[in-house]
Amino acid sequence: MRKYLNLAYKSLYRRKIRSFLTIGGVGVAVAVLVSLLGFNTGYRKALERDVGGMGYQVLVTAKGCPYELATVALAGVGSLRYLTDDTVAKIKEDPEVAEITPTLMVPLIKEEGTGFYTIWGIDLDTYSRLRPMMKIARGKHKEKVIDPDTGNEVEKEVDGPMGGWFKPREVKPDEIYLKNGRVVKGLIVGEGEYEKVTSRELNPVTGEFEETKKTFKTVKIMLPSRLYKKSEVTGVGGILALRDGTQIRGDISPIDDTFKAVTRDAQGTEQQNTYSKEQVLRVEDELTLKDGSKVLGVIMNETNEYYNVGDIELAYPNTEEVSLDLVKTFSNGKPKIIDYYKHFKGETEIVLGWEAAQTGFLQVGQKLTLKVKEMTKQKVKEKIIDPVSGKEKEIERETEMPVFNAYKFKVMGILERSGSKDDGFYFIQLEEAQRIFRRYKMLTGIGISLHDLAKLPMFTDRIYNRKELGETQVISLAEVKGTILNLVQTAKILVMSVAFIAIFVSLIGVINTILMSVFERTQEIGIMKAIGASNMDIFKLIWLETIIICALGGIFGTLIAIFGGKLIEKLIRVVMSKAGYVPAGEIVQFTPQIIIGCFLGAILLGILSGIWPAYRAAKMRPIEAIRRGE
Amino acid sequence: MENHTYAVLAEKLKKVYHLYKEEIVALKGIDVTIKKGEFVSIMGPSGAGKTTFLNLVGCLDKHTEGSLIVLCANLASLNERQLHNMRRHHLGFVFQEFFLIKELTALENVQLPIVFANEYKNLPWAQYLLERVGLKQRMNHQPKELSGGEMQRVAIARALANKPDILLADEPTGNLDTKNARDIYDLLRQLCNEEKITIIAATHNVKLAYLADRVIHLREGNIEKDELVIERRF
Chain L
1 MRKYLNLAYK SLYRRKIRSF LTIGGVGVAV AVLVSLLGFN TGYRKALERD
51 VGGMGYQVLV TAKGCPYELA TVALAGVGSL RYLTDDTVAK IKEDPEVAEI
101 TPTLMVPLIK EEGTGFYTIW GIDLDTYSRL RPMMKIARGK HKEKVIDPDT
151 GNEVEKEVDG PMGGWFKPRE VKPDEIYLKN GRVVKGLIVG EGEYEKVTSR
201 ELNPVTGEFE ETKKTFKTVK IMLPSRLYKK SEVTGVGGIL ALRDGTQIRG
251 DISPIDDTFK AVTRDAQGTE QQNTYSKEQV LRVEDELTLK DGSKVLGVIM
301 NETNEYYNVG DIELAYPNTE EVSLDLVKTF SNGKPKIIDY YKHFKGETEI
351 VLGWEAAQTG FLQVGQKLTL KVKEMTKQKV KEKIIDPVSG KEKEIERETE
401 MPVFNAYKFK VMGILERSGS KDDGFYFIQL EEAQRIFRRY KMLTGIGISL
451 HDLAKLPMFT DRIYNRKELG ETQVISLAEV KGTILNLVQT AKILVMSVAF
501 IAIFVSLIGV INTILMSVFE RTQEIGIMKA IGASNMDIFK LIWLETIIIC
551 ALGGIFGTLI AIFGGKLIEK LIRVVMSKAG YVPAGEIVQF TPQIIIGCFL
601 GAILLGILSG IWPAYRAAKM RPIEAIRRGE
Chain Z
631 MENHTYAVLA EKLKKVYHLY KEEIVALKGI DVTIKKGEFV SIMGPSGAGK
681 TTFLNLVGCL DKHTEGSLIV LCANLASLNE RQLHNMRRHH LGFVFQEFFL
731 IKELTALENV QLPIVFANEY KNLPWAQYLL ERVGLKQRMN HQPKELSGGE
781 MQRVAIARAL ANKPDILLAD EPTGNLDTKN ARDIYDLLRQ LCNEEKITII
831 AATHNVKLAY LADRVIHLRE GNIEKDELVI ERRF
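Chains L and Z, in that order, are what the protein sequence lines are.
When we follow my numbering, the leftmost residue of the first sequence carries the number 1, and every step to the right adds one.
When we follow my numbering, the leftmost residue of the second sequence carries the number 631, and every step to the right adds one.
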């Protein structure tokens, strides 16, 4: 081969531009192939890591499209549907359930509109048992601590665990199971009693009705609310939601059976309106805090120091009185009355995934404010010219209005890097998530591990047959993986065929280039034969040229793929994040097998495409070749 | 007649080309014998059959009728591989247009036949040949950097690379000026005398033709005249 190498190289070098373009063509085809195979391997691995890292085998969600559910399960975003949290207790009754954990996923749109903060409300106790791989990271790091002497916040270098999980609550909200099947969740804040007439009989002697009264004991349950220091609050406003869908922001004051709303437009001009009770769906207060965040709810009462803001869903009434006769069981065994205000003060504690901490430059002990854009639906009135009648007409249109909000947290801990989606998440207590994001009693998913996974079909059937669970969907994570892999597989077949077309085109390109060069060099080939080159010599020479082109194309393409891999990954992320779920970590991975395989493939391409031109060249009769060249 | 003293033995050698159903008889059955070590000029106007004769002797083409024995081998009976071996080991070619490989240096061009023959031990021979044709200083130059005369010298050196028995030159001076043409012929003469190589050179330059030992005049595919050069006229 050595004797042809110099000749082959020089002949390729003579037609630099053409050779380079052909090498480029092969390179692009190889790059496409390498990237695709890399993506396929990487995506599969990333998906397996994500699914494997879930810890639970079954997920129960509200009914919806399976792909969307799969996406939600693996933590993309979609239109979320909710389950109520009493579903957990009901599913727990099933004998097959080994462990169960309720979760609430809240995707928050970042203020700047690019991307999401994904907040998970979790029940730490059950969640950590189902997902033991979620560990607090260790290592040298900086922490914000309060200096005991000065009382100031200082930064300290610490070696050890990076914080910890949320502090366990001293008191968990009680769950009270009523005989009629209802579950009331809240804090028992007091006891009471009331009398009820059970029978009324006519006394034949006195001629009067005699009433038999019975005293019922009750418990007062308070549903969660939150205290805000008055010094932190810069403004109190209100939102009036009308039955026709419009929202009015401003100062709202109830007067008898009507609400007076004072609103200001952009120029600051005040406008006053009065709405009747019938028009109004609900009234919310809006507290504006010092840091710009807004709190929605209803101010239930206020002291000199605090506003006590209840969530809107609970505002009427914020306490519920339940007769003990109706109670089946208490989750704590017996009613335990607690001092409510003690336990719902301070910041929401948050634990961060590794990447979430890195990208936000966050340290343990630090305060974290997530500024988000929330969309609210609003109906606006618009005047248009009716195309039929030609008269001006007022129509109502529903628009989405962005509302900027900020949520405050205190960083309690940072999780170990897992390489999965978890790294980018924020974890808070389930109850806190339900409260601060106003998703009261709502869950997005219930993770379950079964005693025996083989009994999954029976379990699924039982869940579906229990009508009281409502519209639920049981997804096994194996299925989720299958669904996503199926989609990826389908896409892969399509894209692979494109890659093969690219390879086919480059094959034809190579044949064309070499054949052209053979025809151009007809005379030269004739001369070589005249001065002693055999047919085999000529065949090998031309073949070698083709192989060199393809090998260089292979190297070039692999290099493009490797160095452009990050770019391709970004591209895939952009394209795929619109479609739904993208696994964390590297989704384009180049294994040595892929690189060596594609390089050998390129050489094979050279071997195949070289045969015909080389044969044509070798077959030339010297005298004809010399003459044709003249 | 002992064959081994003859380089070329042609009897009733006929060559017919077919060109668009038309038959062109290039050689009409000529008888030629050329002894080893002889320097023969083939003279004649265009279309006389000079090139055809050289191509037949040079195993680049096959004759139609008659017999052609070159260096004791009957060319009609040789297969493709044997013909190629003849070209590789026993025959050297020099063309009017030099036909050097453009991207190779003078030295590499001369080495090429040696490389094709896998006789790497003979590579230094190429240098000797270039020195021999007077191009010691120009060895590493590419053809485009050489003059016409120099290129033809390289081509002659290349033709001699595998130590051929017969050197076939088809109008070797066609593209050269008188001075250079004379130099080339002198070189051929020298090679014939010193290396004992049989040289068959086609030309239509009368002056140069008579530098050979013998001049064969061809006309329309027939031998018109075959004369020995007794006394060099020029």
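Ideal Cβ placement from N, Cα and C applies to all residues, glycine included.
Predicted model, so just to flag it, every value in this text is computed and none were measured.
Check                                                                                                                                    : Outcome
In chain order, each beta strand (DSSP E) run of at least 3 residues that lies wholly inside the segment 121-172 of chain L              : 138-146 and 153-161
Contacts around residue 796/Z, its chain only, beta-carbon distance under 6 Å, and the 5 residues preceding and following it disregarded : 637, 721 and 828
Below-7 Å beta-carbon distance, residue 534/L vs any chain Z residue                                                                     : yes
Identified DSSP bridge partners for residue 648/Z                                                                                        : 653/Z
Strand pairing of residue 839/Z, partner residues [DSSP]                                                                                 : DSSP, once it has assigned bridges, lists no residue as partnering residue 839/Z.
Selected residue, minimal CA-CA separation from residue 442/L, among 49/L, 14/L, 121/L and 55/L                                          : 121/L
For residue 517/L, the three-state DSSP class (helix, strand or coil)                                                                    : helix
Exposed unless 16 or more other CB atoms sit within 10 angstroms - verdict on residue 361/L                                              : exposed
Any chain Z beta carbon closer than 7 Å to residue 76/L                                                                                  : Any reading at residue 76/L is ruled out, since the residue's pLDDT is 46, under 50, leaving its predicted position unreliable.
At least 3 beta-carbon pairs within less than 8 Å: the segment 830-848 of chain Z vs the segment 660-675 of chain Z                      : yes
Which of helix, strand or coil DSSP assigns to residue 40/L                                                                              : helix
Residue 23/L beta carbon less than 7 Å from that of residue 552/L                                                                        : yes
Pick from 55/L, 249/L, 92/L and 564/L that is closest to residue 132/L, judged by C-alpha positions                                      : 55/L
Under the three-state DSSP convention, the category residue 704/Z falls into                                                             : strand
Residue from 40/L, 160/L and 203/L with nearest C-alpha to residue 572/L                                                                 : 40/L
Positions along the segment 511-527 of chain L whose CB lies within less than 8 Å of some CB in chain Z                                  : 523, 524 and 527
Inter-stretch contact (C-beta, 8 Å, three-pair minimum) for the segment 252-261 of chain L and the segment 274-284 of chain L            : yes
Any chain Z beta carbon closer than 7 Å to residue 531/L                                                                                 : yes
C-alpha distance - residue 446/L paired with residue 429/L, whole-angstrom precision                                                     : 15 Å
Inter-residue Cα distance where the pair is residue 535/L and residue 750/Z                                                              : 20 Å
Nearest candidate by alpha-carbon position, reference residue 288/L, set 354/L, 228/L and 138/L                                          : 228/L
Whole-angstrom C-beta distance between residue 248/L and residue 239/L, which should lie under 8 Å                                       : 7 Å
DSSP three-state assignment for residue 330/L, whether helix, strand or coil                                                             : strand
Chain-order list of residues whose beta-carbon lies under 6 Å from that of residue 732/Z (same chain, five-residue window excluded)      : 773
Burial state of residue 207/L, where buried means 16 or more other Cβ atoms lie within 10 Å                                              : exposed
Enclosing alpha helix (DSSP H) for residue 597/L [first to last residue]                                                                 : 592-619
Sequence-distant residues of the same chain with beta carbon closer than 7 Å to residue 689/Z, five excluded per side                    : 705, 713, 716, 717 and 721
Rounded separation between residue 10/L and residue 505/L - CA only                                                                      : 26 Å
Continuous beta strand (DSSP E) stretch holding residue 849/Z: start and end                                                             : 844-849
Boundaries (first-last residue) of the alpha helix (DSSP H) holding residue 464/L                                                        : 456-465
Whole-Å CB distance - residue 348/L paired with residue 291/L, under 8 Å assumed                                                         : The Cβ separation is near 14 Å, so there is no contact.
Residue ranges of each alpha helix (DSSP H) within the segment 713-761 of chain Z, 4 or longer                                           : 736-746
Short Cβ contact (7 Å threshold) for residue 157/L with residue 144/L                                                                    : no
Amino acids of chain Z, ordered along the chain, whose beta-carbon sits closer than 8 Å to that of residue 14/L                          : 732 and 733
Between the CA atoms of residue 202/L and residue 62/L - distance to the nearest angstrom                                                : 55 Å
Contacts of residue 698/Z in chain L (Cβ-Cβ under 7 Å)                                                                                   : In chain order: nothing, as chain L lies at least about 15 Å away.
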